[in-house]
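Colleague: First the structure, which I've put down as structure tokens, then a few questions once you've had a look.
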Amino acid sequence: MKILSIEIVGFGKWNQKTIDFSGSNQLVYGSNEAGKSTIYQFIQALLFGFPAKGKKRKSYLPKNGGSYGGRLWLKHPVYGKVQIERFKEMNKGQAKVYIGEQVGDEELLKKVLHPLTKELFQSVFTFQQEQLSQLGNLEEEELQTALLALGISGSDQLLKTREAYFKQAQEIYKSKGARPPLNSLLTAYQKLSEKIRNKEQEEQTFGSVVAQLKQTSEAIAEQRLRVSERKEQLSLVEKQLINYPLFEELQKLQKQIHPNKITVEPQESEHLLALYQEHKFLKQETERLNRTLQESFDGEELLPEYLFYLREEENLKSFLAQRYTISKLLSEIGWMRESATQNKQELFALEQKWDWTEEQPPHLFFEDQQLKELREKFITQRVQMQTEEENQRSLIESLDSQEKNLEAFESANQKIFQRNQRKRKHQTNTALLLGLLLAALMGVVGGLLLSSPVCWLSWIFALICGGTAGAVFFLPQRSTEDEVKQQWQQKLSNLDYLSAQLNQTEERMARIEKEEAQLNKYIFEQARANHLGKMNRLELWMNHKEDIKRYLLLMNTNKELFRQIETESKTAGDWLKQTERYVNWLPIVGKNLEERVKIISNFTDQMEQHRLLQESRTDSYTKQSIKEVKEKQHRVFEEAQPLLYKYQILAIDDVPEKLQDYQQTQTTDSRKKELERLLMNLYEENTTLSQLNDRKYQLNAELKGAEDEIFHLQKEEQRLDYQRKLMIEDGTLDQLYQKREGMRAEIEALASDWTGYKLAGQLLMDLLTELSDQQLPSLLKKATYYFSVVTADAYLKVQLENEQLIVKDAAGRDFAIYDLSTGTKDQLVMAVRLAFLALMGEKSICPVMIDDGWLHYDSQRKRHLAKLFRLFGENHQIICFSSDQEMVSYYQEEKQPVVQLEGE
């Protein structure tokens, strides 16, 4: 069958396009997006129907909205010239077929095309680069099998169908599977048969199963609660890890010491800065007036000390104005140091007594109620142990007494427990019985023969002897042996009961001892974990817990004292540092702060006296100016003094620096408060990153363990519930037999399907084998010829050795398929497929459609491929689609027709 021409009325980009094809080899050439693939899809649509719509499928509806479809003319070896017409909007997209005067429908088209189907058209008669790429990605063994299948059947469809049959068979049954339905049914059938055989033996009581199910459900609930707790804890730890950088920042801020957490009001800050500027100006004015004063003395030099005093007058007076504050500060430092020393001595005594350290201080982990409960538990255990010990002593004494009583009883009744002695006792009783009977007989005879009143004595004697004989005959059997045995058995029972009671008592004692050991271990571990040192007994906790509180109080008090001492010492150091500027003028080197205050005070008094002397010699204007400046300075100082004292600023010259420090402290405090609010109740003190990571790892492990335990418990619960339902729903053996018969019918049906799929797959395998035996020699011969053509005689032989395809080159070397290059493998695949089609001869039912099947080819390979297509086209129709300009030149060299496409 050959395609003569096509008329595209409307399909994709093409409208009113007619293309004629030759009956041999031809090339349809066009650049990318020229519409080559659209022509191929049009031919396929005309033969087999329009493609279904889909989101991921390309639409070939006409761009101009015209008719969707066209016509195709082909030459058929039986029907002659056939016209196929198909339009989407006409006849619901069904084809119309014209053969001469005959007009047919889709059924006639299928008859004309038979045995060609869409699958054969795509897999056998269409050559696409994607198929070569898929073959190139196969493993060596898969590639060998695929090539043989291509050569034998023209495509790998038979091989895929065989694999599909085997896969469907495996979906029904696997030799080592458990999930396939036949495997499951066989397993269930076996279990049901076992149940029928052993129903009576395997049946358990319903109450036992219900109890186990209840316990399992409770265990699952408990584990689920544990999982929920672990998830909450894990969520907290992960939140802690995420926010840990903020926590580190907070720790750094907390370590920063800000002794004076002072907040300066904005208005007062501005006021202080204004007073500082005025003070600075007045200070400069004072210096100017002092210079004027010095010049007024006509060269008379002032004392250097006085000049120094004039320069530092304001600072000196500001410093001396704080004398009371300094004195109070030094007194407080002395008192705090003395208190810290006393606390340290008391701490040392407690450390010596209980082996405590400040590095690992004791922790008061228990509350009074908890301690009370522990003590009550301890006392209860002691009382129980004493009670059990008393019971033990009493039982031991009772056992000893009972054993001695038993020994005495057995000794007293030794004859009863010895068989020979019992026989002799029986003989003695027999002789006595005969004697008594003889005496009683003689008394009866005497009573009959003798006269009254002697006869009555004889009768009484006979009655006594007879009664004694009866007692001797009956009593020894019951009263002696039976009663002794009953008493002996009773004594043995008493001994057994006492022994059992003793064992129970000893078990209770062992349990109490274990609980005491666990409690003592808990106490010891808690003492070690909380650094309690020698305070490792419960009674010490009860009697000396105030020592822990006292130690912690002293330790915290000392920490606070040392912090305050450091803060106050820093303030005193600031005062001391402020006086360092005077060391060149005043004898304060090596003096403490208190001594320096006294020296500076004396120096100021001296300089004031000198001032009075100098002012008496000064002109009135300069004197008045100095007075006014001093008054202003005094006013500024008096106005600034409350604010300086309020904000703990030592001198007015320190205002800018102190305000800047306070602003920085405020910023730090704001940040710290923000972090404390964000991290509230999120971290414990001294939490480290490694601890959080360890905790996360531990929680993940516990969570996984709990989830695994839930999984196992749920499986057990399902098993028990299933067993319970079976016990509820379990019917009679007749019902079980009926169920087994139903399962057997299902098994037979599945087994029949499985056998069919296995047989079909095996038949296809046998068919491939048969085809290979019949067709393989001719196929290999033709493939060898085509392969040598396409490789320019570089390879001269394609053969099968040990069920493996081997190619030989011109030098006689053997190459496995997987050793070939990608382009050579493509050439071999092309040769094998064309060889299969060539063997069909006149039976060829469709033209060969090739879409750029030479991706990995160089120029020489393309030239040889064009030659191969020319040779193949002598007996078959080939329609090649390509955008390769180079291939056009090779077709022209081979004088093969080329159809040029122009985009529309």
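Heads up: the sequence shown begins at 295 in my numbering, then just goes up one per residue.
Glycine residues also receive a C-beta, built at the ideal position from the N, C-alpha and C atoms.
For the alpha helix (DSSP H) containing residue 779, list its first residue and its last residue.
Modeller: 777-823
Colleague: Beta carbon of residue 579, beta carbon of residue 930: below 8 angstroms?
Modeller: Their beta carbons are not under 8 angstroms apart, which means residue 579 does not touch residue 930 by this criterion.
Colleague: Buried or exposed for residue 1127, going by 16 or more other Cβ atoms inside 10 Å?
Modeller: buried
Colleague: For residue 702, count neighbouring C-beta atoms within 10 Å of its own C-beta (all shown protein chains included) and say buried if the count is 16 or more, exposed if not.
Modeller: exposed
Colleague: Could you give the distance in angstroms between the alpha-carbon of residue 320 and the alpha-carbon of residue 1142?
Modeller: 11 angstroms
Colleague: Have a look at the DSSP bridge pairing and note the partners of residue 422.
Modeller: 1145
Colleague: Can you check the stretch 1171-1197 for any beta strand (DSSP E) of at least 3 residues that lies completely inside it and give the ranges in chain order?
Modeller: 1172-1176, 1192-1194
Colleague: CA-CA distance, residue 446 and residue 1118?
Modeller: With a pLDDT of only 49 at residue 446, under the threshold of 50, the placement of this residue in the model should not be trusted, and no figure is reported.
Colleague: Should the stretch 876-895 be regarded as contacting the stretch 692-699, the criterion being three or more beta carbon pairs within less than 8 angstroms?
Modeller: Cβ pair count under 8 angstroms is below three, so no.
Colleague: Under 8 angstroms by Cβ, that's how I've got residue 1077 and residue 1129 pegged, so tell me the actual separation to the nearest angstrom.
Modeller: 4 angstroms
Colleague: Where do the N-terminal and C-terminal ends of the alpha helix (DSSP H) with residue 954 fall, by residue?
Modeller: 949-972
Colleague: Take the Cβ of residue 1016 as the centre, count every other Cβ of all protein chains shown within 10 Å, and call the residue buried at 16 or more, exposed below.
Modeller: exposed
Colleague: Starting from the C-beta of residue 802, find all residues in its chain whose C-beta is less than 8 angstroms away, skip the five residues before and the five after it, and write them out in chain order.
Modeller: 678, 682
Colleague: What residue range does the alpha helix (DSSP H) around residue 838 cover?
Modeller: 832-872
Colleague: Can the beta-carbon of residue 507 be found less than 8 angstroms from the beta-carbon of residue 993?
Modeller: no
Colleague: In the DSSP output, what is residue 380 paired with across the bridge?
Modeller: In DSSP, residue 380 forms a bridge with 364, 389.
Colleague: Given residue 434, which residues of its chain have a CB within under 6 angstroms of its CB, disregarding the five upstream and five downstream residues?
Modeller: Note that residue 434 scores 47 on pLDDT, short of 50, meaning its location in the model is unreliable; the coordinates nonetheless yield the value given after this. 1112.
Colleague: Would you please verify whether the beta carbon of residue 906 is less than 8 angstroms from any beta carbon of chain B?
Modeller: No chain B appears in the structure shown, which is made up of a single protein chain.
Colleague: Is residue 943 helix, strand or coil when you go by DSSP?
Modeller: coil
Colleague: Just to confirm my understanding: we take residue 617, look at its own chain, exclude 5 residues before and 5 after, and list those with CB closer than 8 angstroms. What are they?
Modeller: 891, 895
Colleague: Secondary structure at residue 398, three-state DSSP: helix, strand or coil?
Modeller: strand
Colleague: What does a CB cutoff of less than 6 angstroms around residue 377 pick up in its chain, not counting 5 residues either side in sequence?
Modeller: 367, 392
Colleague: At which residues does the beta strand (DSSP E) containing residue 300 begin and terminate?
Modeller: 296-305
Colleague: What number of angstroms, rounded off, separates the C-alpha of residue 950 from the C-alpha of residue 961?
Modeller: 17 angstroms
Colleague: Please list, in chain order, all residues of the same chain as residue 297 whose beta carbon is under 6 angstroms from its beta carbon, the five residues on each side excluded.
Modeller: Excluding the 5 residues flanking it on each side, residue 297 has same chain C-beta neighbours closer than 6 angstroms at 315, 368, 1141, in chain order.
Colleague: Going by C-alpha to C-alpha distance, which of 325, 344, 318, 322 sits closest to residue 304?
Modeller: 344
Colleague: Short of 7 angstroms in beta carbon distance, which residues of its chain neighbour residue 965, apart from the five on each side in sequence? Order them along the chain.
Modeller: 547
Colleague: So, at 6 angstroms on beta carbons, what are the nonlocal neighbours of residue 952 in its own chain, with the 5 sequence-adjacent residues on each side left out?
Modeller: 943
Colleague: What distance in whole Å lies between the Cβ atoms of residue 604 and residue 973, which are believed to be in contact at a cut-off of 8 angstroms?
Modeller: Actually they do not touch by this definition, with Cβ atoms about 56 angstroms apart.
Colleague: Any idea if residue 1048 is buried or exposed, counting beta-carbon neighbours within 10 angstroms, 16 or more meaning buried?
Modeller: Buried, by the Cβ-count rule.
Colleague: If I follow the unbroken beta strand (DSSP E) through residue 665, where does it start and stop?
Modeller: Where residue 665 is concerned, there is no enclosing beta strand (DSSP E), although the alpha helix (DSSP H) it sits in stretches over 662-706.
Colleague: Which of the three DSSP states is assigned to residue 311 in this structure?
Modeller: strand
Colleague: Taking the alpha-carbon positions, what's the residue 574 to residue 898 distance?
Modeller: 21 angstroms
Colleague: Does the separation of the CB atoms of residue 537 and residue 945 fall below 8 angstroms?
Modeller: no
Colleague: Can you tell me whether DSSP reads residue 1110 as helix, strand or coil?
Modeller: Of the three classes helix, strand and coil, the one that applies to residue 1110 here is strand, per DSSP.
Colleague: Name the two residues that bound the continuous alpha helix (DSSP H) containing residue 826.
Modeller: No alpha helix (DSSP H) holds residue 826; DSSP gives it neither H nor E.
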